[in-house]
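Chains as they are written, first to last, in the UniProt record's numbering: chain A, 1 to 325; chain B, 1 to 325; chain C, 1 to 394; chain D, 1 to 394. Cβ atoms here follow ideal geometry from the backbone N, Cα and C, with glycine treated the same way.
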Amino acid sequence: MAKLNLLQAINQALITAMTEDEKAVVFGEDVGYFGGVFRATSNLQEKFGKARCFNTPLTEQGIIGFANGLASQGSTPIAEIQFGDYIFPAFDQIVNETAKFRYRSGGQFTCGSLTIRTPYGGGISGGLYHSQSPEAFFSHVPGLKVVVPRDPYQAKGLLLAAIRDDNPVLFMEPKRLYRASVCDVPEEDYTIPLGKAEVVQEGNDITLLAWGAQVETIKKAADMALEDGVSCEIIDLRSILPWDAQTVAESVMKTGRLLINHEAPITSGFGSEIAARIQEQCFLYLEAPIIRVCGLDTPYPLAHEKEYMPDEFKTYEAIKRALNY
Amino acid sequence: MAKLNLLQAINQALITAMTEDEKAVVFGEDVGYFGGVFRATSNLQEKFGKARCFNTPLTEQGIIGFANGLASQGSTPIAEIQFGDYIFPAFDQIVNETAKFRYRSGGQFTCGSLTIRTPYGGGISGGLYHSQSPEAFFSHVPGLKVVVPRDPYQAKGLLLAAIRDDNPVLFMEPKRLYRASVCDVPEEDYTIPLGKAEVVQEGNDITLLAWGAQVETIKKAADMALEDGVSCEIIDLRSILPWDAQTVAESVMKTGRLLINHEAPITSGFGSEIAARIQEQCFLYLEAPIIRVCGLDTPYPLAHEKEYMPDEFKTYEAIKRALNY
Amino acid sequence: MNDRNHLDHVALTHEVKIIENGLLEITMLAILDPDGNIYPGATAPDIDKALAEKIYHTMVYTRLLDERMVAAQRQGRISFYLASTGEEAAAVASAAALSENDMIMSQYREQGALAFRGYTTDQFMNQMFSNRLDPNKGRQMPIHYGDKALNFMTISSPLGTQIPQAAGYAYGQKLAGKDAVTICYFGEGAASEGDFHAGVNMAAVLNCPVIFFCRNNGYAISTPAAEQFAGDGIASRGIGYGVRTIRVDGNDPLAVYSATKQARAMALETNQPVLIEAMTYRLAAHSTSDDPSGYRSKNEEDKWRLKDPLTRFKQWLLSKAWLDEAATEQFMQQTRSDILAALKTSEQVAVNPLADIVEDVYAEVPWHLKEQRDALIAHVKKYPSKYPKTSGDL
Amino acid sequence: MNDRNHLDHVALTHEVKIIENGLLEITMLAILDPDGNIYPGATAPDIDKALAEKIYHTMVYTRLLDERMVAAQRQGRISFYLASTGEEAAAVASAAALSENDMIMSQYREQGALAFRGYTTDQFMNQMFSNRLDPNKGRQMPIHYGDKALNFMTISSPLGTQIPQAAGYAYGQKLAGKDAVTICYFGEGAASEGDFHAGVNMAAVLNCPVIFFCRNNGYAISTPAAEQFAGDGIASRGIGYGVRTIRVDGNDPLAVYSATKQARAMALETNQPVLIEAMTYRLAAHSTSDDPSGYRSKNEEDKWRLKDPLTRFKQWLLSKAWLDEAATEQFMQQTRSDILAALKTSEQVAVNPLADIVEDVYAEVPWHLKEQRDALIAHVKKYPSKYPKTSGDL
Ligand SMILES: Cc1ncc(C[n+]2csc(CCOP(=O)(O)OP(=O)(O)O)c2C)c(N)n1
Ligand SMILES: Cc1ncc(C[n+]2csc(CCOP(=O)(O)OP(=O)(O)O)c2C)c(N)n1
Ligand SMILES: [Mg+2]
Ligand SMILES: [Mg+2]
């Protein structure tokens, strides 16, 4: 078991997948010889040849269109979108095609073997076009699965599960953790089930929920709250679609309070779906309103990045508000 | 005052806008000589010339890209996307460009004069590609306004307000009402303020909330409930972004119950944002969980369209559930 | 073809000369003239009598099906139809030049290709009536056919999306070592979509054995080609992508067949795309929702009626003494009555049971869709009369 | 140019001949050779000494600015920079051929055009330090300049989006009766985006007076042109759209100037687009986040260093006796110290006050953003040390 960072874990998962599945093909802008602008695909072209790991022309709609066709043919495409901010030119191919391929053909044709990898999120001085967290858009698209790992261990296990899952999966990588997050990652092949949240820390007073890089943030806030004697339960949602409402509801029925933290703008962020569902399912258990600590309803700023972020201080304050409601 | 259908009301609003504002330009697929596949732009080319009302090539990303440039130059573009289902190729231009133009330039350049018109929604045997209700996607995009009229009177007043508003507005037209909805529409120029919901019917027991064609549906359900002695307050949200949380909250504080109805899939539909916000704002007033009666989390079906729709019967049942909670 | 890049191949000039229109003069392959004679100097492709008959019968079949279904739509029996009248040669003769292993990814006006592959009248009808016998399970509007067994990809409404998909599909065929290509049909209108650009360029760069087959029928709904592009049709774009290209008379089955045959051989041999632009004309309305008199003249239509591919091909068959007119008459009558019979049967077949509403969204029905399905079933049981199509089954 | 459509202009052929590569041979306009001599047979454009000097100084300025800012990024003083080294002629000489009323919509490597327009060193610095003196209010990463007063549209990161926008902008200029065109810069990589296709085609069909200026510098980050397209560069695509097209040596300021001058006149006169493909080479890394040694050879770079537009132009100026070497040396020293001084000043300037965080999302701050702003201000007041950039102001 070696200590790997998140990029290395992803690279290892890709090597595992491509070794095991001859039909696995990796492509996207700069992913070939160069190994991707973040180097997640390093050495794949060398190892597996140019036919199975290659650069595409600079067209996200083309990348996903091509991937849809390749998937429907029977290959296992693993397409990279260089930044989550640049996934929007491919929105039609993902929303109208990838997600509806199986349904419209009555299951005759599918893009189930497709995995789309993309780095997302802020905290890297990227400003409005290198920081977005677009998961909520995709959470409104039946037919897709959406997955977000929080560390290298999760990244490898979830990515392997995503690649092998018989549904198209959007795999969103928290890029500010690419090199910052390091942990033990087993050399061997393993998967982590999609659609299952993880209770990262048990607690009694309030449930804190996040995914990706923000799990770290709610942990820090929980530590601050602990000093006040508040016991927080921490859940990493891991899958955005379909999401594990049951684990969340069980936790909320125990703690009576829920705080959701995400980077994306609050309005119609995925926190709204969680809040809407949980208030219905746990109505009689809630001792305070469900609170969302999220990005502002603005594009992602540069100069005011620190102020924009739903950080541990904002989260801690919200925990206090919930407790004192 | 003449009785007009929704298409005629829109056509009249466009004529009014183009007459008053020399810089108003209408374009899109088939909108020119032919007057649009639904005929919303009938006679405009004849009246205002080909330079101000014209067909574009068949490219939604191009239409909105072109519109963004035209708006930033100082014209008043009114672009049509032939069906809401085909707005996704333009998603990048709308989300990354239209909505962020002003912000990224510190207000030096804007697309504020842009209006995007598009028909949306089901109930016309259109299947998965002629029935979608994509408003929730756009509700997560700071910088946009999103507006939906429910009848010809609203359509004219809101469209004129949208065209004149100094922000880019997505104007979504409930196409199953195009010819079905008829009412008195004043000949003269008038506007209806954006961002304001309308209390269509006052009531005491539960607030029913919808927009566009579904307002009719909740009215029918309210009539059914009335027979049981239940008094429903009916709100037409009219603007999805920014939305009128205050009017909704005031109503819910009075009735203690809220039901939201929309056609789009329930998960991360705009109902989730409403529920998330209202449960927080009205926590101590709620006597039952906020209920969403929405489309299923599937693509929009054809053979099972009737079953898919959040119709008055489903709404009525949900009202009873809320009342008996 | 991708040996050209950046600067190595470029010759210098020292005079400021902006290239204007006219650099390209793309001619159109024509073998059969509008009267059904082989043009002087032209060579008919190597087609035997059986194949010629099959092509002709398929074109006739398609025309009859279109006629009947347009009428059925007017009678309110189906909600929508889209005819290919006048364009049958483009779809049928190109399909005839393929192998059955080749994947067809069509737009929506290529029912002739599907008929050529052997899609039955019953299959057409089951799709159009959205009934439970259709493998696409009644989820899409009429004419969105698809049949995996026939290597015919289920049609999707958003235009142009199949173009990059075809590149990817063909890449997969190549990787898998299949002796097959993909053909991708689209209209000249759809070729304005960004997906066209992405797809053709990717196919060229990534060496995909795909035939891009553009039906340039002069209109995209009401929009004439002159308001769609300013260049020399779609063919001239192929050159820009470094893609082998040919323009053919789309109303000439022999030209379409010859070009497609050669394009297929080239695509397979070189693992590279070929672009075919078939010049034709949509004699039909765009769809049953359209009325072309709102945007074009009868006169223009009449001019094109003279170029009808069916008459033209019939004349040629007659000149070869390959056509038994009586047998053809009999074939037409039989076809008409088969179509009517199938129509009557299919419209009686029920739609899929209610539980199907959540199927095929995912490979397996996830928890939230089970929840939604169960609630829906309970609801329909409570209001059976409101949901007559499905409540009977419950 | 949009007199071509559908079928009227097409000549027939009767031989199945698929067009292969080679139909197009687009030459490259070259006026100044790499040694700074006018090619035999070439004519230098009508440039006077003052303009020549301005072009040269702007190129030199751009190079010095790039050098300094790459260093500043290495020192950690700015987060990001993107140099145009080797490509200065393309941006500067094209901008020199425009009128100040023409709108510039650039990609991100055209700082030379902006400098030519008169953007000051302070303006460059204020943008890069995201401080409150920048009219773009520090919202974007360094190098996303924009200045309405100079008719230079604020740069956007998503590639290609400015291409259809430029068509629309130019259409608006035409409608408003402005005596001006729009120039739209982009890389050969960005030209693979669907927006390129949409934008150029729309400009051609809708008669927009726009110059599409492609910097083909051989790379899109690590991706070489050979993996970007298979055709004859970007110029060959212009033909496909029916757009007047010219290819120039992008490292030759005279060729770039001449072509752009003529393109502008044509665009204005005909209300139609012109496409210019400038062949150049990115001597710099893609950006400060990039290391080109991972994907290309020193040898290749060295070859291109010999074609440096600055040396070339300098030689020409010398041959005309238009260059005072001492004055140039003095200019360079002054520029270096100005840049350094501006850098030092600008990095001290504060960012905008916190309340600005919700401005310019809408024309006016809506209720929900007021709510969010007020909550944020209260929060920052509670934790001033955690938000040092903005808490001081409150
Ligand atoms: C992305 C998208 N935009 C718009 C439409 C609506 N639409 C359907 S067919 C059509 C015209 C297509 O013209 P063309 O590609 O030339 O094919 P033809 O109908 O002539 O066969 C349009 C605009 C659509 N289906 N998809
Ligand atoms: C839509 C989009 N996709 C991807 C990127 C990431 N990206 C930034 S620059 C670049 C390469 C651009 O190459 P080119 O257009 O040739 O311009 P050059 O850098 O050579 O000047 C890429 C892929 C982006 N900014 N936008
Ligand atoms: Mg057409
Ligand atoms: Mg480049």
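Measure from the alpha carbon of residue i to the alpha carbon of each residue in the options, then state which is nearest.
i	options	result
T182(D)	D102(D), K386(D), Q73(D)	D102(D)
Y61(D)	S236(D), P353(D), T328(D), T390(D)	T328(D)
Q82(B)	R244(C), I221(C), W304(C), I246(C)	I221(C)
D236(A)	E198(A), D21(A), G123(A)	E198(A)
L51(C)	G242(C), A97(C), Q107(C)	A97(C)
G194(D)	G35(A), V31(A), L58(A), S272(A)	L58(A)
G250(D)	R244(D), E277(D), T270(D)	E277(D)
R52(A)	G65(A), I218(A), L70(A)	L70(A)
Y281(C)	T288(C), D179(C), A91(C)	A91(C)
residue 412(B)	C282(B), I78(B), A180(B), A225(B)	What the structure shows of chain B is the stretch from 1 to 325, and residue 412(B) is not part of that stretch, so it cannot be assessed.
G121(A)	K50(A), F34(A), A24(A), V148(A)	V148(A)
A265(D)	L175(D), S385(D), A180(D), Y171(D)	A180(D)
With a threshold of 8 Å on Cβ separation, who are the neighbours of residue i within its own chain once the five nearest residues in sequence on each side are excluded?
i	result
F38(A)	L7, P119, K175, Y178
R4(C)	Unreliable positioning characterises R4(C) in this predicted model, as indicated by a pLDDT of 49, which lies under 50. A coordinate reading is not provided.
I218(B)	L208, L209, A210, C232, I234, L259, N261, E312, T315
K381(D)	S391, L394
Whose C-beta lies closer than 7 Å to the C-beta of residue i among residues of the same chain, with five residues either side of it excluded?
i	result
Y383(C)	none
D232(C)	L24, I26
N131(C)	G138, S346, V349, A350, V351
Y103(B)	G143
Q165(D)	M105
V358(C)	V365, L369, Q372, R373
Apart from the five residues on each side of it in sequence, which residues of its chain come closer than 6 Å, Cβ to Cβ, to residue i?
i	result
G36(C)	R312, Q315, W316
Y86(B)	E60
M1(C)	Residue confidence is low: M1(C) scores 42 on pLDDT, short of 50, so the model does not pin down where it sits. No coordinate-derived value is stated.
Rounded to the nearest angstrom, how far is the Cβ of residue i from that of residue j, given a contact under 8 Å?
i	j	result
T298(A)	P142(B)	5 Å
G65(B)	Q132(B)	No, G65(B) and Q132(B) are not in contact; Cβ-Cβ is about 22 Å, not under 8 Å.
D151(A)	C183(A)	5 Å
F109(A)	T161(C)	About 13 Å; that fails the 8 Å criterion.
A40(B)	E187(B)	Not a contact, Cβ separation roughly 18 Å.
Q272(D)	A191(D)	About 19 Å; that fails the 8 Å criterion.
Between the region 63 to 72 of chain C and the region 330 to 344 of chain C, do three or more beta carbon pairs fall short of 8 Å?
When C-beta atoms of the region 63 to 72 of chain C are compared with those of the region 330 to 344 of chain C, three or more pairs fall below 8 Å, so the two segments count as touching.
Sequence ranges, beta strand (DSSP E) only - wholly within the region 94 to 131 of chain C, length at least 3:
Counting whole runs of 3 or more residues, the region 94 to 131 of chain C contains the beta strand (DSSP E) stretches 103 to 105.
Contact between the region 10 to 18 of chain C and the region 308 to 324 of chain B is defined here as three or more beta-carbon pairs at a separation below 8 Å; is this criterion met?
Contact fails: fewer than three Cβ-Cβ distances are below 8 Å.
Across the region 179 to 197 of chain B and the region 153 to 161 of chain B, are there enough close Cβ pairs to call them in contact, namely three or more that are closer than 8 Å?
Short answer: they touch.
When you compare the region 59 to 67 of chain B with the region 89 to 102 of chain B, are there three or more beta-carbon pairs, one atom per stretch, that lie closer than 8 Å?
Yes, since at least three Cβ pairs between the region 59 to 67 of chain B and the region 89 to 102 of chain B fall closer than 8 Å, the two stretches touch.
Does the contact criterion of 3 or more C-beta pairs under 8 Å hold for the region 261 to 271 of chain B versus the region 27 to 39 of chain C?
With fewer than three CB-CB distances shorter than 8 Å, the region 261 to 271 of chain B does not count as touching the region 27 to 39 of chain C.
Please give me, in chain order, every unbroken run of the beta strand (DSSP E) with length at least 3 that falls completely inside the region 180 to 219 of chain B.
Assignment of beta strand (DSSP E) within the region 180 to 219 of chain B, counting only whole runs of 3 or more residues, yields 182 to 185, 198 to 201, 206 to 210 in chain order.
Meets three-Cβ-pair contact criterion under 8 Å: the region 106 to 117 of chain D and the region 269 to 280 of chain A:
With a cut-off of 8 Å on Cβ pairs, the region 106 to 117 of chain D is not in contact with the region 269 to 280 of chain A, counting fewer than three such pairs.
Using a Cβ distance threshold of 8 Å, determine whether the region 285 to 297 of chain A contacts the region 227 to 242 of chain A, with at least three qualifying pairs required.
Result no; under three Cβ-Cβ pairs closer than 8 Å.
3 or more residues per run - each beta strand (DSSP E) lying fully within the region 21 to 107 of chain A
Complete beta strand (DSSP E) runs here, min 3: 24 to 28, 53 to 55, 76 to 80.
In chain order, what are the residue ranges of uninterrupted alpha helix (DSSP H) at least 4 long that sit wholly in the region 177 to 211 of chain D?
Counting only runs of at least 4 residues, the region 177 to 211 of chain D fully encloses the following alpha helix (DSSP H) elements, listed from N- to C-terminal order: 194 to 205.
Residue ranges of each beta strand (DSSP E) within the region 116 to 172 of chain A, 3 or longer:
Those beta strand (DSSP E) runs which fall completely within the region 116 to 172 of chain A and span 3+ residues are 145 to 147.
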